[in-house]
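Take a look at the structure set out below.
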Amino acid sequence: MALKKRGSRPIVVDGIGYRWFVRPKPTYSQGLTWSPLSFAVERADPPGCATLIVRLASPHPGNWMNASASLVLPSAVASAIRQALDLGWQPDHPGSPFMLGFGDEDQSP
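The structure is reproduced here in structure tokens:
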């Protein structure tokens, strides 16, 4: 499934173009801080191949509990892409989404 172009941001990592997207409004569980902030990444060309889903340790900035949250910076996106590629993510092949926990205490970026 391809990411929407509207709202997604381009990024180039090691000479390859990607698009990444952070959901602007939290899901119900993110709003209650039951689940953390996440973002999706895919290759810009060809779109629609395996998507990378990155789960951060921070709550969504739009949470309803006023919990302190951090924003997703392009440098963190680039680092997550490199880590996912090292762990076997193949962004140019169709397949299931590749899940990556990023920023967890037991998994360093």
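So the numbering used here is basically just the index in the sequence shown, starting at one, shifted up by 1193.
Here a beta-carbon is modelled for each residue, glycine too, at the ideal position from N, C-alpha and C.
Computed from a predicted model, the values in this text were never measured in an experiment.
Going along the chain, which residues of its own chain have a beta-carbon closer than 6 Å to the beta-carbon of residue i, five neighbours each way excluded?
i	result
R1248	P1229, S1231, G1294
R1202	W1213
Does residue i come out as helix, strand or coil in the three-state DSSP assignment?
i	result
R1199	coil
L1278	helix
G1273	Checking the sequence shown, residue 1273 turns out to be Ala, not Gly. If DSSP states are grouped into helix, strand and coil, A1273 belongs with the helices.
G1288	coil
V1215	strand
Give the straight-line distance between the Cα atoms of residue i and residue j, rounded to the nearest whole angstrom.
i	j	result
I1246	F1291	6 Å
T1220	N1256	9 Å
H1286	P1239	9 Å
W1227	N1259	13 Å
For residue i, which residues does DSSP report across the bridge?
i	result
T1210	Residue 1210 is actually Gly in this sequence, not Thr. V1205.
With a threshold of 8 Å on Cβ separation, who are the neighbours of residue i within its own chain once the five nearest residues in sequence on each side are excluded?
i	result
R1199	none
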